[in-house]
Amino acid sequence: MQPFVKLTGVAAPLDRVNVDTDQIIPKQFLKRVERTGFGQFLFYDWRFLADGRENPDFVLNDPRYRGASILVAGHNFGCGSSREHAAWSLLDYGFRVVIAPSFADIFYNNCFKNGILLVTLPEDAVRALMDAAARSVAVTVDLERQVVETAEGLSWNFEVDPFRRKCLLEGLDDIGLTLQHEDAIAAYEAQRKDDPLAVFAAR
Amino acid sequence: MAPKTLLDKIWEAHEVVSQGEGKPSLLYIDLHLVHEVTSPQAFDGLRAAGRRVRRPDLTFATMDHNIPTDVPSVIRDPIARKQVEVLAKNCAEFGIHLAGIESPDQGIVHVIGPELGLTQPGKTIVCGDSHTSTHGAFGALAFGIGTSEVEHVLATQCLWQQKPKVLKLELTGRRPAGVTAKDIILGVIAKHGVGFGTGHIIEVCGEVVATMSMEERMTVCNMAIEAGARAGLVAPDETTFAYLRGRPFAPQGEAFERAVAVWRTLRADEGAVYDKTITFDVSDLEPQVTWGTNPGMCTGIKGVVPDPAQAASEVERRAMERALEYMGLAPGTRMEEIPIQHVFIGSCTNARIEDLRQAAAVAKGRKVHPGVRALVVPGSKRVKQQAEAEGLDRVFKEAGFEWREPGCSMCLGMNPDIVPPGERCASTSNRNFEGRQGRGARTHLVSPAMAAAAAIAGHFVDVREWLGQAEAAATGGR
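Chains as they are written, first to last, in the numbering used here: chain A, 2 to 204; chain B, 12 to 489.
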């Protein structure tokens, strides 16, 4: 996983609430067996018209937000399906940070597993960031200091789980970390063999 | 010792590594269900790192999302076909049991887990699918995960998890005739919103749940994720044990009795403390119909499409306006007047035998409206076989419904079953998101009985007005 430490870039305001993963990446693009190349399908039904041309009214097609690396959105972002393709498509498109008042739980996990930082800020801060983005004010997100700052001098601190923060800062492969607990896993399995609750698949 | 919740008991029994309060625990996973859409990249990851599947015996795979429901073995879309073939290849390479297209056990992963008896009380169950919440109906801790976590579980049989908070949802009152489990969970989400369960699991309890069948409990837990909760949970009871007895992968004979003795302890202690409690009285609930683009945008069949001008906030108002524009609906329209062109009876929410019985009870002796295409897609091969043994397939076919093969089908239209742009579908599935059933498709979520009635009338109707007393009893009235 690519580490994330600090980023300054263009923020794009997606002023919608309850953006679900079916919108982030529609189902017809889930059939691929690769992890890469999903950026072209991001927000497909919003970004493109039925005839395949770009929808000029969608925020990511606005010249101000071309090359955006920070997405600012309304509450409950990423609700719905567990498809990790949503995280893959955001990353492949170029987003490293999403800022919103709240996120859905499975989507939250998926992003951190892929080097995308999700920042939870209060509604008024998100509103202020959307306004700043519309005026093309650059935004900096610093994971080390846990702060979001605008080039105009506004700033907000944010909370993030220490374990996730460490993994993201260092780009850690967490399967490797877990396998360091191999002895504990094996001991657990041995102990559970005689536990009537552990009805290990009887086949 | 402090009284424990059901979650506390399951959690503590599965902690491999505990790092103390507020820190994630390494949790052992008892059952890992796998399907073709969210697993190929996980297996690739294993191969790239030279890792094996730690416990293929605790892993079970099937194919459901891409499967055509006319002739399942003929997948015309080459990319979809490849995804299915890749799963078969991965299962063979890593020694995982696969209920493939030709298997009599094949079906929607959340239908076959319970019906095969793989799903059991007290287990931890994961799957790369958000509707894994369904299995919580058995008192299992079951939640959806992403593909990176699928790879993690394949490699380690464990997951790092922050212990979720527990929301207690108490269902009280007397359930009216014709009001189903689907109406109840839609009613709860309509009242409390699509985010009220975020960060929590929802333990569903109360007198209404106690009298529910396993199928009904599964419908409720299935949609816990539509409230933002990764898991639903119902304490196991005699109904649970009776359902599991004799299932192929459930313990057999004396082992079953020993398991039941343990399963009986899986309930919250007296005085257990919850992070949040919601009480929902079902006594005045009507059959529900969604009008918008998330499951919380929902009202009773006697209601009307709401007016965004009455919204509680500016954010809410804009979301409603956007939804109504997508759905092509005007405020004040009576729900009963909305015409439909498609009906889908299926999905992991409502494609079990009871669901098909309820829909068939409405369809019997009636005819599908000439302007409507109506699909019945059983949740699994076993459900299909059972329904055919009961003659339900004949009831549907004589009424003009298409009787299909099992799979996820039109719930998300990854297979060829989609709704064309601008057309409306009465659907027994779980999500009415924009484009879910096809680009521009307009989805209205309802119960199986309501979907069957809409198929016949060509518009939504209050199914309670069609039901004789005997039928009302069969569709869930107590």
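Virtual Cβ for every residue (Gly too), placed ideally from N, Cα, C. These figures come from a predicted structure and were not determined experimentally.
Review point. What are the uninterrupted segments assigned as alpha helix (DSSP H) that are 4 or more residues long and contained completely in the stretch 159-235 of chain B, given in chain order?
Key: Counting only runs that start and end inside the stretch 159-235 of chain B, the alpha helix (DSSP H) elements of at least 4 residues fall at 192-203, 218-221 and 225-233.
Practice item. Identify whether Phe164/A lies in helix, strand or coil by the three-state DSSP scheme. Key: helix
Review point. What are the uninterrupted segments assigned as alpha helix (DSSP H) that are 4 or more residues long and contained completely in the stretch 106-142 of chain B, given in chain order?
Key: With a minimum length of 4 residues, the continuous alpha helix (DSSP H) runs that stay inside the stretch 106-142 of chain B are 120-126.
Exercise for review: With DSSP as the reference, label Arg453/B as helix, strand or coil.
Suggested key: strand
**Study point:** First through last residue of the beta strand (DSSP E) which encompasses Val127/A
**Key:** Premise fails: Val127/A lies in the alpha helix (DSSP H), Glu124 to Ala135, not in any beta strand (DSSP E).
**Study point:** Contact list for Gly326/B against chain A, beta-carbon separation under 7 Å
**Key:** The amino acid at residue 326/B is misidentified as Gly; the sequence shows Val. Under the 7 Å cutoff, chain A gives Val18 and Gly75.
Exercise for review: Return the bridge partner residues of Gln29/A from the DSSP annotation.
Suggested key: The partner list for Gln29/A (beta bridge, DSSP) is empty, contrary to what the question assumes.
Check your understanding: Just how far apart, CA to CA, sit Glu218/B and Arg228/B?
Key -> 13 Å
**Study point:** Three-way DSSP call (helix, strand, coil) for Glu445/B in this model
**Key:** coil
Review point. Under 8 Å between the Cβ atoms of Ile200/B and Cys309/B?
Key: yes
Exercise for review: Measure how close the beta-carbons of Gln352/B and Gly382/B come, nearest whole angstrom, since I'm counting them as under 8 Å.
Suggested key: 6 Å
Review point. Is there at least one Cβ from chain B nearer than 8 Å to Asp93/A's Cβ?
Key: no
Practice item. Give a yes or no on whether 8 Å exceeds the smallest Cβ distance from Ser90/A to chain B. Key: no
Practice item. Compute the Euclidean distance between the alpha carbons of Arg442/B and Leu17/B, then round it to the nearest angstrom. Key: Approximately 28 Å, taken between the alpha carbons.
Review point. How is Phe267/B classed by DSSP in three states: helix, strand or coil?
Key: Three-state result, Phe267/B: helix.
Check your understanding: Can you tell me whether DSSP reads His46/B as helix, strand or coil?
Key -> coil
Practice item. Go to Val28/B, then tell me how far its beta strand (DSSP E) extends in each direction, as first and last residue. Key: Glu26 to Val28
Review point. Where does Arg54/A sit, in a helix, a strand or coil, going by DSSP?
Key: Coil, per DSSP.
Review point. For the stretch 381-435 of chain B, which segments carrying the beta strand (DSSP E) assignment without a break, of at least 3 residues, lie completely within its bounds, in sequence order?
Key: 384-387
Check your understanding: Taking the alpha-carbon positions, what's the Tyr189/A to Tyr39/B distance?
Key -> 8 Å
Point to revise | Span of the beta strand (DSSP E) around Leu91/A | key: Run containing Leu91/A: none in the beta strand (DSSP E); it sits in the alpha helix (DSSP H), His86 to Tyr94.
Exercise for review: Pull up the distance between the alpha-carbon of Arg258/B and that of Ile156/B, whole angstroms please.
Suggested key: Taking the straight line joining both Cα atoms gives about 26 Å.
Point to revise | Interface residues of the stretch 37-54 of chain B facing chain A [CB-CB below 8 Å] | key: Leu37, Tyr39, Asp41, Leu42, Val48, Thr49, Pro51 and Gln52
Point to revise | Endpoints, the alpha helix (DSSP H) within which Phe252/B is located | key: Glu249 to Leu255
Check your understanding: By the 10 Å Cβ neighbour count, where 16 or more other Cβ atoms means buried, how is Val27/B classified, buried or exposed?
Key -> Buried: at least 16 other Cβ atoms inside 10 Å.
Exercise for review: Using the Cα positions of Phe96/A and Pro389/B, report the straight-line distance between them to the nearest angstrom.
Suggested key: 40 Å
Review point. Along chain A, which residues have their Cβ under 7 Å away from the Cβ of Val169/B?
Key: For clarity, residue 169/B is Cys in the given sequence; the question names Val instead. Those are Thr179 and Ile186, listed as they occur along chain A.
Check your understanding: Can you tell me where the beta strand (DSSP E) with Glu476/B in it begins and where it stops?
Key -> Unbroken run through Glu476/B: none, as it is neither H nor E.
Point to revise | Beta-carbon proximity check, Ala261/B vs Gln131/B, cutoff 8 Å | key: yes
Check your understanding: Relative to the C-alpha of Thr158/B, which residue among Ala129/A, Ile107/A and Glu171/A is closest?
Key -> Selected option, being the one with the closest Cα: Ile107/A.
Exercise for review: Pick helix, strand or coil for Glu150/A, following the three-state DSSP scheme.
Suggested key: strand
**Study point:** Contacting residues, own chain, Cβ-Cβ under 8 Å from Leu403/B (five flanking each side not counted)
**Key:** Same-chain partners within the cutoff: Leu367, Arg368 and Ala371.
**Study point:** Contact set for Gly5/B: own chain, Cβ-Cβ below 6 Å, skip 5 residues either direction
**Key:** Because chain B in this structure spans residues 12 to 489, residue 5/B falls outside the shown range and cannot be described.
Practice item. Name the residue from Met234/B, Ser324/B and Val245/B whose alpha carbon lies nearest to the alpha carbon of Ala221/B. Key: Val245/B
Check your understanding: Is the beta carbon of His455/B sitting closer than 8 Å to the one on Ala466/B?
Key -> no
**Study point:** Cut-off 7 Å between Cβ atoms - residues of its own chain near Pro427/B, not counting five sequence neighbours on either side
**Key:** Pro79
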